[in-house]
Amino acid sequence: NAGVMQNPRHLVRRRGQEARLRCSPMKGHSHVYWYRQLPEEGLKFMVYLQKENIIDESGMPKERFSAEFPKEGPSILRIQQVVRGDSAAYFCASSPTGVNYGYTFGSGTRLTVV
Amino acid sequence: QQQVKQSPQSLIVQKGGISIINCAYENTAFDYFPWYQQFPGKGPALLIAIRPDVSEKKEGRFTISFNKSAKQFSLHIMDSQPGDSATYFCAASKAAGNKLTFGGGTRVLVKP
Chain A
1 NAGVMQNPRH LVRRRGQEAR LRCSPMKGHS HVYWYRQLPE EGLKFMVYLQ KENIIDESGM
61 PKERFSAEFP KEGPSILRIQ QVVRGDSAAY FCASSPTGVN YGYTFGSGTR LTVV
Chain B
115 QQQVKQSPQS LIVQKGGISI INCAYENTAF DYFPWYQQFP GKGPALLIAI RPDVSEKKEG
175 RFTISFNKSA KQFSLHIMDS QPGDSATYFC AASKAAGNKL TFGGGTRVLV KP
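Line order of the protein sequences matches chains A and B. Each residue of the first sequence is one higher than the one before, starting from 1 at the first, in the numbering used here. Each residue of the second sequence is one higher than the one before, starting from 115 at the first, in the numbering used here.
Quick look at the structure:
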């Protein structure tokens with residue numbers, strides 16, 4: 001049973017480009033969470049999604065960031081017009097229910113904006 | 115307030131020693147307190163978690179102590195091993211909620 005799969009592992013974008021981060025949850029998990037980790041800091045919640053629904057996006061910046069979890073396929077975190085401050089590790093977690101125990105994190109996507 | 119404050123930022127301990135990491139929270143609605151272990155280049159992995167109805171929970175060499183009145187909890191790693199060298203994060207959430215609030219992390223180095 002594969003864990004939470006995130007790709008790409010590393011992503012380099014120039015300022016102004018778009019970044020697309022993908023997350024495939026564990027088999028049987030229908031809840032996906034995205035967190036951002038800045039260098040030398042803890043993880044910060046961004047968004048919580050179920051299939052085709054955004055449940056809580058209170059941690060997501062209002063501009064340039066969006067997330068989706070379609071009926072088929074992985075969850076996508078999209079960052080438009082990236083800036084240097086977007087450079088961070090982005091982690092996805094999944095769970096079989098909507099509560100916090102049973103979170104499994106992926107290995108993350110390290111985004112570098114040059 | 116949603117903050118969780120974690121200390122120290124880094125810790126060096128000799129093999130066989132005890133590593134102690136402390137966290138304090140402000141939101142009295144939090145009632146689930148997990149600890150995560152993160153190795154370089156990897157995602158956080160759940161280590162151990164506690165609910166506030168108990169004051170201590172032990173799993174192998176890892177123990178969480180919880181002080182509800184002080185709104186503090188701590189992780190003790192007994193008989194620390196070089197393989198325990200990692201970054202440890204405390205976190206807190208409302209059990210029925212959906213997001214974890216993480217502390218800033220403690221980088222632990224266990225010297226052989």
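Here a beta-carbon is modelled for each residue, glycine too, at the ideal position from N, C-alpha and C.
Exercise for review: For Glu-57 (chain A), I'd like the list of residues in its chain whose CB is within less than 6 Å of its CB, leaving aside the five on either flank, ordered along the chain.
Suggested key: Here residue 57 (chain A) refers to the residue found at position 57 when the first sequence is read from its first residue. Cβ neighbours of Glu-57 (chain A) beyond the five flanking positions: Val-47.
**Study point:** Where Asp-145 (chain B) falls: helix, strand or coil (DSSP)
**Key:** Residue numbering aside, residue 145 (chain B) sits at position 31 when the second sequence is read from its first letter. If DSSP states are grouped into helix, strand and coil, Asp-145 (chain B) belongs with coil.
Practice item. Compare the C-beta of Pro-154 (chain B) against all C-beta atoms of chain A and say whether one is closer than 7 Å. Key: Within the second sequence, residue 154 (chain B) is the residue found at index 40, counting from 1. Chain A, which has no Cβ nearer than 7 Å to the Cβ of Pro-154 (chain B), makes this no.
Review point. Which of the residues in the region 26 to 43 of chain A, read from start to end, lie with their CB under 9 Å from any CB of chain B?
Key: His-31, Tyr-33, Tyr-35, Gln-37, Glu-40, Glu-41, Gly-42 and Leu-43
Point to revise | N- and C-terminal bounds of the beta strand (DSSP E) containing Gly-110 (chain A) | key: Your numbering for residue 110 (chain A) matches position 110 in the first sequence. According to the sequence as given, residue 110 (chain A) is Arg; it is not Gly. First-last of the beta strand (DSSP E) with Arg-110 (chain A): 109 to 113.
Check your understanding: What does Lys-213 (chain B) touch in chain A if you count any residue whose Cβ is under 8 Å from its own?
Key -> Translated into positions along the second sequence, residue 213 (chain B) becomes position 99. Going along chain A in sequence order, the residues near Lys-213 (chain B) (Cβ under 8 Å) are Tyr-33, Phe-45, Tyr-48, Asp-56, Ser-58, Gly-59 and Asn-100.
**Study point:** Simplified DSSP state of Gln-84 (chain A), which is helix, strand or coil
**Key:** To locate residue 84 (chain A), count along the first sequence from 1; it is residue 84. For the sequence presented, residue 84 (chain A) should be read as Arg rather than Gln. Three-state DSSP puts Arg-84 (chain A) in a helix.
Practice item. Per DSSP, which residues does His-10 (chain A) bridge with? Please list them. Key: Taking the first sequence and counting its residues from 1, one reaches residue 10 (chain A) at position 10. A:Arg-110.
Review point. For Phe-65 (chain A), which residues in chain B fall below 7 Å Cβ to Cβ?
Key: Within the first sequence, residue 65 (chain A) is the residue found at index 65, counting from 1. Those within 7 Å of Phe-65 (chain A) in chain B number zero; the least Cβ separation is about 16 Å.
Exercise for review: Note down, in chain order, all residues in the region 172 to 199 of chain B with a beta-carbon under 8 Å from any beta-carbon belonging to chain A.
Suggested key: none
Practice item. Step through the CB atoms of chain A and report whether any lies within less than 7 Å of the CB of Gly-131 (chain B). Key: If you number the second sequence from 1, residue 131 (chain B) lands on position 17. It does not; no Cβ of chain A falls within 7 Å.
**Study point:** Assigned secondary structure, Asp-56 (chain A) (DSSP; H/G/I helix, E/B strand, else coil)
**Key:** On the first sequence, residue 56 (chain A) is found 56 positions in, with the first residue counted as 1. In this structure, Asp-56 (chain A) counts as strand in the three-state DSSP scheme.
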